[in-house]
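Only one structure is covered here, and it is reproduced in the block below.
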């Protein structure tokens with residue numbers, strides 16, 4: 001047996017040397033599986049392998065071929081681009097900056113506000129009389145304009161210019177006629193003594209000229225997401241105050257044999273406007289069509305109701321008067337076979353009787369779970385007892401259980 005084993009080992013060595021990975025032993029032929037070599041990802045120059053993936057060296061670093069790794073830029077250099085092979089030298093040698101500088105501003109040695117130079121770095125000159133510079137690292141100073149002078153060199157803001165009038169927030173100084181001009185619509189100015197107005201961010205604009213705060217910049221788009229089974233409508237700029245003179249229209253048209261359930265968690269419309277801002281839900285755009293809901297007031301107590309028509313036409317209009325937070329109103333569609341059950345639930349005064357129940361209708365996570373049950377009552381039994389207790393108060397669970405069980409199991 002020992003001799004046979006030694007002979008087999010010699011045969012195996014010969015096979016390996018010939019790259020023939022099989023042997024015959026005791027009349028049986030064996031083949032040795034060849035394990036393929038591990039595939040090593042080949043990264044591009046400026047990249048390193050991390051967790052099996054090639055990633056570029058980040059800003060503030062460079063790729064070192066000697067070490068095959070990303071290296072932090074030393075002080076006196078910076079790198080603002082990914083995947084580079086070296087770092088850029090800082091423009092000034094006076095301020096060496098920090099290790100790993102990600103842009104030229106971290107090099108140090110920049111001219112401070114109120115000063116300038118040909119490259120924005122030291123040595124610097126103070127802004128001459130009649131000019132100013134509010135930012136560091138600049139190559140010029142701004143003129144006060146209109147022949148205005150500053151009290152001293154090195155001024156840092158237009159406020160240092162000896163303007164003939166001192167403009168209030170919501171205005172800017174016009175150096176040509178030396179008057180304060182109201183900021184036009186779509187801009188604002190929150191500070192005193194400025195010669196410019198700030199453009200509203202993104203797609204927002206103001207309701208009026210002379211705005212004094214960025215909060216006056218409002219999104220004009222009518223919000224919401226309309227789905228076949230769930231969705232919501234939202235006043236423009238929510239949860240900020242909605243703009244004036246908006247006219248939003250939404251249409252909810254559920255799938256065949258489904259009805260609509262609406263929940264109004266809260267709504268904020270100023271009563272001072274004598275119903276100048278109105279939210280209405282009805283069957284169609286015709287004023288005489290069946291109306292499901294209409295309000296022009298603020299209600300912080302939630303309410304749920306079913307649509308009186310199979311589809312809903314919803315309109316929100318505001319006038320030029322006072323504004324408010326508005327609303328975000330979710331809805332769900334449900335099988336019309338459950339109409340009796342849904343109406344039994346939402347019309348039960350116990351649904352709104354306690355603050356705990358009211359908070360459920362204001363909580364987005366709980367509303368989602370509630371909609372899951374209201375839209376498909378059989379889903380109630382998917383929730384474990386512990387899950388239900390963690391989410392809802394006992395009184396709320398008891399209310400739903402009695403109604404759902406009675407509806408689905410009328411003979412038990």
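Numbering (full-length UniProt numbering), first residue to last: 1 to 412.
For each residue, glycine too, the CB sits at the ideal point set by N, CA and C.
Residue 75 holds the alpha-carbon nearest to the alpha-carbon of residue 106 among 153, 75 and 335. The beta carbon of residue 210 sits closer than 8 Å to the beta carbons of 170, 171, 182 and 183 from its chain, once the five residues preceding and following it are set aside; these are given in chain order.
According to the DSSP assignment, residue 312 belongs to the beta strand (DSSP E) that extends over 312-317. Just measuring C-alpha positions, the residue of 343, 276 and 397 sitting nearest residue 295 is 276. Given a length threshold of 4 residues, each whole run of the alpha helix (DSSP H) inside the region 333-375 is given here in chain order: 339-346, 355-360 and 364-375. With respect to the 9 Å criterion, residue 262 and residue 304 are classified as neighbours on the basis of their beta carbons. Counting every other CB atom within 10 Å of its CB across the protein chains shown gives residue 271 a total below 16, marking it as exposed. Residue pairing for residue 204: DSSP places it in a beta bridge opposite 219. Judged by beta-carbon spacing, residue 167 lies within the 9 Å limit of residue 192, meaning their Cβ atoms are closer than that value. Residue 214 sits in a helix when the DSSP states are folded into three classes. Looking only at 72, 321, 405 and 216, the smallest Cα-Cα distance to residue 342 is reached by 405. Here residue 124 is actually not in contact with residue 175; their C-beta atoms are around 26 Å apart, not less than 8 Å. Here residue 245 carries a coil assignment [DSSP, helix/strand/coil]. Residue 264 sits in a strand when the DSSP states are folded into three classes. In chain order, 250 and 252 place their CB closer than 7 Å to the CB of residue 226, counting only its own chain and leaving out the 5 sequence neighbours on each side.
When the five nearest sequence neighbours on each side are left out, the beta carbons in the same chain lying within less than 8 Å of the beta carbon of residue 354 are those of 393 and 395, in order along the chain. Per the C-alpha coordinates, the member of 312, 326, 297 and 377 positioned closest to residue 289 is 312.
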